[in-house]
Every structure is written in C-alpha cells, then in structure tokens.
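K.L.:
For reference, the structure I am asking about is given below.
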C-alpha cells in the first residue's frame, strides 16, 4: 500500500559520490547516477585510483620536472594506499554489491592525518511517473 500522495517506485538507479575533507570542512569531488550498482561501483573504483594517483603519483610515470616529488615516510594511515587497496580488492566489491542489492548505502573512507576521502554509493528509487526508457 502506498501512502496518500506518494508516488510508487518502479525502478532503482544508484548514486555514487566522492567527497574529501579535513576536520569540519568537506568538498564534493564528483558524482554520477548509474543504472546498475556494478556500474556505480566501477565508477567509484576509477575515482579511488584517480585520487590515489593525484595524491601519490608514481615518479616514473608522471610528467613532472626532476626532483619535484620527494619520498615521505609511510605511516599506518596512508590514504593513497588505502584507496588503491580498496579499488583492487574483490571482497570489498562483493560486499558493496550485496549491501546495495539489499537497499542499503555503502561507504568507504580512507584517512591520512586530519584528511579523509569518502566513496559512497546508494540506491535511488525512481517514481513511476519518471521512469525513463532504456534505449
């Protein structure tokens, strides 16, 4: 039974977003609405690798002047490593797919010091009046 005035949902899409921040600030880094949960998670994995490469570029593959990058000590909290690990780990991917399939949101957060990077995906119910045909 649908509540009075409510529009019944006839489909679902998935919102995937990336945010970053530190302490009390947050920055929206990108988002997409995907037709399937696997496509939403594929987009998130690409964003995780993009962020990791931006935060910690490989000096052998980047087009930076010599000595522009300097090594830093690795700590337990190394956001680029956490992001790369998450993007490559199939167990995380299956956990996320399962969570989204049951209607719950999924979130992964990588931290380094006060900075954090968050990958999220959640289902979006599509009202019957706005169902778009898939071509």
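Residue numbers (my numbering): 45 to 179.
Note that beta-carbon positions come from the ideal geometry of N, C-alpha and C, so glycine has one too.
Here the structure is a predicted model, which means the values were calculated and not measured.
#1: Straight-line CA distance for residue 74 to residue 111?
#2: Using only CA atoms, which one of 163, 130 and 80 lies nearest to residue 145?
#3: For residue 91, which of 62, 82, 108 and 101 has the nearest alpha-carbon?
#4: Find the nearest neighbour of residue 57 within the set 171, 128, 138 and 78, judged by alpha-carbon distance.
#5: Taking the DSSP output, what are the residues bridged to residue 74?
P.N.:
Looking at the coordinates:
#1: 31 Å
#2: 80
#3: 62
#4: 78
#5: 62
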